[in-house]
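Trainee:
There are 2 protein chains.
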Amino acid sequence: MARRNDVLTLAVLGLLHDSPMHGYELRKRLAAMLGSFRAFSYGSLYPCLRGLEARGWLSQSDSEAAPPHALAGRRARIVYQLTAEGKERFGLLLGESGPAAWEDENFDVRFAFFARLDADTRLRILEGRRSRLTERLDGVRESFARTRERLDDYTSELQRHGLESVERDIRWLDDLIEHERRIDHERRGAPRATGTTGGPTGSPSN
Amino acid sequence: MARRNDVLTLAVLGLLHDSPMHGYELRKRLAAMLGSFRAFSYGSLYPCLRGLEARGWLSQSDSEAAPPHALAGRRARIVYQLTAEGKERFGLLLGESGPAAWEDENFDVRFAFFARLDADTRLRILEGRRSRLTERLDGVRESFARTRERLDDYTSELQRHGLESVERDIRWLDDLIEHERRIDHERRGAPRATGTTGGPTGSPSN
DNA sequence: TCAACGATGTATCAGCTCGATACATCGAGC
DNA sequence: GCTCGATGTATCGAGCTGATACATCGTTGA
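Protein chains in written order, with our numbering: chain A, 1 to 206; chain B, 207 to 412.
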């Protein structure tokens, strides 16, 4: 597992959950959402779509839904839509716990669909990610400490910067976790003193 | 170009520049240096070594240099050393300008060998990296701005965090560039007021 | 004493991904 | 009407990864 394709699968199912789409459009949406931090090539996308269709999670929507005459001359496009089974699988995949690698690789795509998960699952995923990141940080830190003396200034500066990035990611997760806990607490129990606990927007860690 | 292998090539040549080594040791050093941020598999390393040998940049050192009796029972190992041509190629590759992709992909490995470059080349590489990162940042920012309205809080938070990471990298580069300029200035001209310009250590951006 | 185990060490392979490219149509500009 | 860039589907070679195989060495502990 944890194949690159699995991430793509998750993203494709999530996007098609909203509305039917064809490959080119999907790729554009993916790029807009994850913003060239993570690109998916056609060489992955089209085979992935066919594979998902073969598994019965997608189907080609021949209806096209739009007025036929308006798009009559349009180039042939293959519009995919989610089947009932596909919707179910998406829900499972999104909330699923898996091997650490799976969860790490998938984190940002999952996070992009976070709003569809219930509060408990969100918290579980965030905390899992945090503990794995911490673990990795400790390992790298130890490895660096063991070899520090024989490194020149540039190399150790590179390492320092790398470690700092991971630390920052962990702090980001801390903010998110705290935010989740706060809104969960507000929703569950009666708010103690109104007006001070939460900010006006839903955006955590301004 | 900009193949993953090119980065490996650079790293291998750089490490062998110091002392002859065999594959396993090389991999350990690589991991210690770049710290599991970037891992190289044996499936890449061994073919890479053979390729470099075929090109005449490496040769197998059968001398083994160490007292033969002490390591007599040792498992067969293939120790590689840099040839004269290999040394030359490494110098060229390290300082070389190339397509943006090449420079980006190679940045951290190049940086790890930064101390061997002259001040001008260091500055050129840092500034190139900075301008490419800025360019990318602008593109992503614009792409995000165009789709902001239809994103939920989680997705936009993810994007914000991603942008912030890139901004932080740019600031890191700024610190490095400033540091380079300062030591260059100190070396070249007479230091104006002693004791305040540079820190005691060579490490930039504490 | 020696069996078990983990580190050392070289090597290969299936499966997968990427970047480039091909091919075709459409709308817009000039 | 001609060219150019965007839209759209599709494929392929090059090459990387993770897993695995195989073999030896040092250490640990019963």
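The beta carbon of each residue, even a glycine, is placed where N, CA and C say it ideally should be.
#1: Going by C-alpha to C-alpha distance, which of A:Ala-31, A:Glu-103, A:Thr-9, A:Arg-130 sits closest to Gly-51 of chain A?
#2: Taking the straight line between their C-alpha atoms, what separation do you get for Glu-348 of chain B and Arg-377 of chain B?
#3: Can you tell me which of B:Glu-392, B:Leu-339, B:Asp-324 puts its alpha carbon nearest to the alpha carbon of Glu-311 of chain B?
#4: Would you mind reading off the limits of the beta strand (DSSP E) that contains Ser-59 of chain A?
#5: For Ser-371 of chain B and Thr-147 of chain A, I'd like the C-alpha separation in whole angstroms.
#6: In the DSSP assignment, what are the bridge partners of Gln-287 of chain B?
#7: Which first and last residues belong to the alpha helix (DSSP H) in which Leu-357 of chain B is found?
#8: Which residue spans inside the segment 109-184 of chain A form an unbroken alpha helix (DSSP H) run of at least 4?
#9: Which partner residues does His-22 of chain A have in the DSSP bridge list?
#10: Please report the residue range of the alpha helix (DSSP H) in which Arg-50 of chain A lies.
#11: Using a Cβ-Cβ cut-off of 6 Å (strictly less than) and excluding sequence neighbours within five positions of Phe-246 of chain B, which residues of its own chain qualify?
#12: Quick check on DSSP: helix, strand or coil for Ala-31 of chain A?
#13: Beta-carbon separation of Arg-130 of chain A and Leu-173 of chain A under 8 Å?
#14: Quick one: does Tyr-230 of chain B have its CB under 8 Å from some CB of chain A?
#15: CA-CA distance, Ile-183 of chain A and Leu-123 of chain A?
#16: Are His-17 of chain A and Leu-82 of chain A close, meaning C-beta to C-beta below 8 Å?
#17: Using only the alpha-carbon positions, how far apart do Leu-49 of chain A and Arg-55 of chain A sit?
#18: With burial defined as no fewer than 16 other Cβ atoms inside 10 Å of the residue's Cβ, what is the status of Gly-139 of chain A: buried or exposed?
#19: So, is the C-beta of Ser-225 of chain B closer than 8 Å to a C-beta in chain A?
#20: CB-CB under 7 Å to Met-239 of chain B, same chain, minus the five flanking residues each way: which ones, in chain order?
#21: Go through its chain and collect everything with a Cβ distance to Leu-299 of chain B's Cβ below 6 Å, but skip five positions before and after it.
#22: Between His-185 of chain A and chain B, is there a C-beta pair that is closer than 8 Å?
#23: When DSSP labels each residue in this structure, what does Arg-244 of chain B get in the three-state scheme?
#24: To which residues of the same chain is Ala-278 of chain B closer than 7 Å at the C-beta, ignoring the five residues directly before and after it?
#25: Could you tell me the distance, in whole angstroms, from the CA atom of Phe-296 of chain B to the CA atom of Asp-358 of chain B?
#26: Using a Cβ-Cβ distance cut-off of 8 Å, determine whether Ser-165 of chain A contacts chain B.
#27: If you reduce the DSSP assignment to three classes, tell me which class Glu-302 of chain B lands in.
#28: Expressed to the nearest angstrom, what Euclidean distance is found between the alpha-carbon atoms of Gly-95 of chain A and Arg-136 of chain A?
#29: Looking at C-alpha atoms only, which residue of A:Arg-38, A:Phe-114, A:Ser-61 is the closest neighbour of Glu-363 of chain B?
#30: So, Leu-58 of chain A versus Gly-86 of chain A, is the Cβ gap smaller than 8 Å?
#31: Quick one: is Asp-324 of chain B near chain A, going by C-beta distance under 8 Å?
Mentor: In short, the structure shows the following:
#1: Taking the first sequence and counting its residues from 1, one reaches residue 51 of chain A at position 51. A:Thr-9 is the residue among A:Ala-31, A:Glu-103, A:Thr-9, A:Arg-130 whose C-alpha sits nearest the C-alpha of Gly-51 of chain A.
#2: Along the second sequence, one-based indexing puts residue 348 of chain B at 142. Along the second sequence, one-based indexing puts residue 377 of chain B at 171. Looking at the backbone, the Cα of Glu-348 of chain B and that of Arg-377 of chain B are separated by about 20 Å.
#3: Working through the second sequence from its first residue, we reach residue 311 of chain B at position 105. It is B:Leu-339 whose Cα lies nearest to the Cα of Glu-311 of chain B.
#4: What you label residue 59 of chain A is simply residue 59 of the first sequence in a count that begins at 1. Boundaries of the beta strand (DSSP E) harbouring Ser-59 of chain A: 58-60, taken from the DSSP string.
#5: Your numbering for residue 371 of chain B matches position 165 in the second sequence. Your numbering for residue 147 of chain A matches position 147 in the first sequence. Put simply, the backbone Cα of Ser-371 of chain B is about 27 Å away from that of Thr-147 of chain A.
#6: Taking the first residue of the second sequence as 1, we reach residue 287 of chain B at position 81. As computed with DSSP, Gln-287 of chain B is found in a beta bridge with B:Ser-265.
#7: Here the question's residue 357 of chain B lines up with position 151 in the second sequence. Segment: none, Leu-357 of chain B is in no alpha helix (DSSP H) and carries neither H nor E.
#8: Counting only runs of 4 or more, we get 119-147.
#9: Within the first sequence, the letter at position 22 stands for residue 22 of chain A. Answer is A:Val-79, bridged to His-22 of chain A.
#10: As a first step, residue 50 of chain A is located in the first sequence; it is residue number 50 there, counting from the start. Bounds of the alpha helix (DSSP H) holding Arg-50 of chain A are 42-54.
#11: Sequence index remark: in the second sequence, residue 246 of chain B carries index 40 (1-based). Sequence-distant partners of Phe-246 of chain B (beyond 5 residues in either direction) whose C-beta falls short of 6 Å from its own C-beta, in its chain, are Leu-214, Leu-236.
#12: Here residue 31 of chain A corresponds to residue number 31 of the first sequence, with the count starting at 1. Residue state, collapsed to three classes: helix.
#13: In the first sequence, residue 130 of chain A corresponds to position 130, counting from 1. In the first sequence, residue 173 of chain A corresponds to position 173, counting from 1. A contact, by the Cβ cut-off of 8 Å.
#14: What you label residue 230 of chain B is simply residue 24 of the second sequence in a count that begins at 1. Taking Cβ atoms only, chain A never reaches closer than 8 Å to Tyr-230 of chain B, which makes this a no.
#15: Translated into positions along the first sequence, residue 183 of chain A becomes position 183. Translated into positions along the first sequence, residue 123 of chain A becomes position 123. C-alpha separation (whole angstroms): 11 Å.
#16: The residue labelled residue 17 of chain A in the question sits at position 17 within the first sequence. The residue labelled residue 82 of chain A in the question sits at position 82 within the first sequence. Yes, these two residues count as a Cβ contact at 8 Å.
#17: For the purposes of this step, residue 49 of chain A is identified with residue 49 of the first sequence, where counting begins at 1. For the purposes of this step, residue 55 of chain A is identified with residue 55 of the first sequence, where counting begins at 1. So the alpha carbons of these two residues sit roughly 10 Å apart.
#18: Stepping through the first sequence from its first residue, residue 139 of chain A is reached at position 139. The residue in question, Gly-139 of chain A, is exposed, as its Cβ has fewer than 16 Cβ neighbours within 10 Å.
#19: Stepping through the second sequence from its first residue, residue 225 of chain B is reached at position 19. It does not; no Cβ of chain A falls within 8 Å.
#20: If you number the second sequence from 1, residue 239 of chain B lands on position 33. Residues of the same chain with a CB within less than 7 Å of the CB of Met-239 of chain B, apart from the 5 flanking positions on each side, are Ala-318 in chain order.
#21: Residue mapping note: residue 299 of chain B aligns to position 93 of the second sequence, counting from 1. Cβ within range, chain order: Leu-216.
#22: In the first sequence, the residue the question calls residue 185 of chain A occupies position 185. No, its Cβ sits nowhere closer than 8 Å to a Cβ of chain B.
#23: Taking the first residue of the second sequence as 1, we reach residue 244 of chain B at position 38. Coil.
#24: The count along the second sequence starts at 1 and reaches residue 278 of chain B at position 72. Any reading at Ala-278 of chain B is ruled out, since the residue's pLDDT is 37, under 50, leaving its predicted position unreliable.
#25: Sequence index remark: in the second sequence, residue 296 of chain B carries index 90 (1-based). Sequence index remark: in the second sequence, residue 358 of chain B carries index 152 (1-based). Per the coordinates, the alpha-carbon of Phe-296 of chain B lies some 48 Å from the alpha-carbon of Asp-358 of chain B.
#26: As a first step, residue 165 of chain A is located in the first sequence; it is residue number 165 there, counting from the start. Yes, its Cβ sits closer than 8 Å to a Cβ of chain B.
#27: The sequence position of residue 302 of chain B within the second sequence is 96, counting from 1. Coil at Glu-302 of chain B, not helix or strand.
#28: Position 95 of the first sequence, counted from the start, is the residue given in the question as residue 95 of chain A. Position 136 of the first sequence, counted from the start, is the residue given in the question as residue 136 of chain A. So the two alpha carbons sit approximately 23 Å from each other.
#29: Walking along the second sequence from the start, residue 363 of chain B turns up at place 157. Of A:Arg-38, A:Phe-114, A:Ser-61, the residue nearest in Cα terms is A:Phe-114.
#30: Position 58 of the first sequence, counting from 1, holds the residue named residue 58 of chain A. Position 86 of the first sequence, counting from 1, holds the residue named residue 86 of chain A. Less than 8 Å separates the beta-carbon of Leu-58 of chain A from that of Gly-86 of chain A.
#31: Stepping through the second sequence from its first residue, residue 324 of chain B is reached at position 118. Judged by the 8 Å Cβ criterion, Asp-324 of chain B is not in contact with chain A.
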